[in-house]
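*Asks:* Counting in the working numbering, the sequence shown runs from 20 upward without gaps.
Note that beta-carbon positions come from the ideal geometry of N, C-alpha and C, so glycine has one too.
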Amino acid sequence: MNEYYYELILDHWRYPRNKGKMKDPDAYAFDSNPLCGDEVEYALKLDDNKRVIDIKFDGHGCALSQASASILSELVKGKTIEEIKNMTKEELLRELGNPNLGPTRIKCALLSYKTLKLAVYSYLGKKLQEEIY
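1) Give me whichever residues DSSP pairs with leucine 63 in a beta bridge.
2) Which residue or residues does DSSP assign as beta-bridge partners of serine 51?
3) What residue range is occupied by the uninterrupted alpha helix (DSSP H) comprising cysteine 127?
4) Comparing alpha-carbon positions, which option in Ile28, Lys75, Tyr24, Thr99 lies nearest lysine 40?
5) Can you tell me which of Glu109, Glu110, Ser84 puts its alpha carbon nearest to the alpha carbon of leucine 29?
6) Would you list the residues sitting across from lysine 38 in a DSSP beta bridge?
7) Can you find the residues in the same chain that come closer than 8 Å, C-beta to C-beta, to leucine 54, ignoring five residues on each side of it along the sequence?
8) Apart from the five residues just before and just after isoleucine 72, which ones in its own chain have a Cβ nearer than 7 Å to its Cβ?
9) If you draw a straight line from the C-alpha of proline 44 to the C-alpha of alanine 62, how long is it?
10) Apart from the five residues on each side of it in sequence, which residues of its chain come closer than 7 Å, Cβ to Cβ, to alanine 86?
11) Are the beta-carbon atoms of valine 59 and lysine 104 separated by less than 7 Å?
12) Check whether the Cβ atoms of leucine 130 and asparagine 52 lie closer than 7 Å to each other.
13) Distance, Cα to Cα, serine 141 vs tyrosine 24?
Okay, structure coming up:
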């Protein structure tokens with residue numbers, strides 16, 4: 020990982036973007052990594068076109084997991100649920116500077132990605148259930 024990405028991760032860890040709680044989110048999920056104790060939750064507000072107009076994350080853990088959550092929150096703001104659904108983990112890893120991480124650290128880096136996807140699929144499942152019933 021080059022110096023730029025190292026500094027980027029430290030900056031997002033020290034000064035996280037979009038960190039906090041949200042009342043009445045349209046989409047929400049929480050997940051953790053039991054091996055290291057990292058935790059991340061996401062809350063999203065959507066407009067009528069299912070575009071993210073606000074996003075908050077909260078949690079605690081290592082610098083990599085929390086910086087990843089902050090970077091991802093900036094990456095998806097303004098995107099539609101469909102665009103987020105189609106995102107790949109490689110997009111987040113590219114934003115992190117394509118770090119060469121071992122199996123334990125990659126889980127730290129991708130916890131936010133997994134949690135965001137859980138929020139999106141939870142939202143889509145809720146909407147589908149509303150349509151059926």
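*Replies:* Judging by the given coordinates:
1) Walking along the sequence shown from the start, residue 63 turns up at place 44. Partner(s): Ala46, Ile74.
2) By 1-based counting over the sequence shown, the position of residue 51 is 32. According to DSSP, which records beta bridges pairwise, serine 51 is partnered with Glu58.
3) Against the sequence shown, residue 127 aligns to sequence position 108. Element bounds for cysteine 127: 122-151.
4) By 1-based counting over the sequence shown, the position of residue 40 is 21. Selected option, being the one with the closest Cα: Lys75.
5) Within the sequence shown, numbered from 1, the residue matching residue 29 stands at position 10. Nearest of Glu109, Glu110, Ser84 to leucine 29, Cα basis: Ser84.
6) Numbered from its first residue, the sequence shown carries residue 38 at position 19. Looking at the DSSP assignment, lysine 38 forms a beta bridge with Phe76.
7) Position 35 of the sequence shown holds residue 54. Only Thr123, Lys126 meet the Cβ criterion.
8) Position 53 of the sequence shown, counted from the first residue, corresponds to residue 72. Excluding positions up to five away in sequence, the list reads Lys64, Leu65, Asp66.
9) What you label residue 44 is simply residue 25 of the sequence shown in a count that begins at 1. What you label residue 62 is simply residue 43 of the sequence shown in a count that begins at 1. Each residue's Cα considered, the two are about 6 Å apart.
10) The residue labelled residue 86 in the question sits at position 67 within the sequence shown. Once the five neighbours on either side are set aside, the close Cβ partners of alanine 86 are Ile28, His31, Trp32.
11) As a working mapping, residue 59 is identified with position 40 in the sequence shown. As a working mapping, residue 104 is identified with position 85 in the sequence shown. No; because the gap between Cβ atoms is not below 7 Å, this pair is not in contact.
12) Working through the sequence shown from its first residue, we reach residue 130 at position 111. Working through the sequence shown from its first residue, we reach residue 52 at position 33. The answer is yes: Cβ separation under 7 Å.
13) As a working mapping, residue 141 is identified with position 122 in the sequence shown. As a working mapping, residue 24 is identified with position 5 in the sequence shown. C-alpha separation (whole angstroms): 32 Å.
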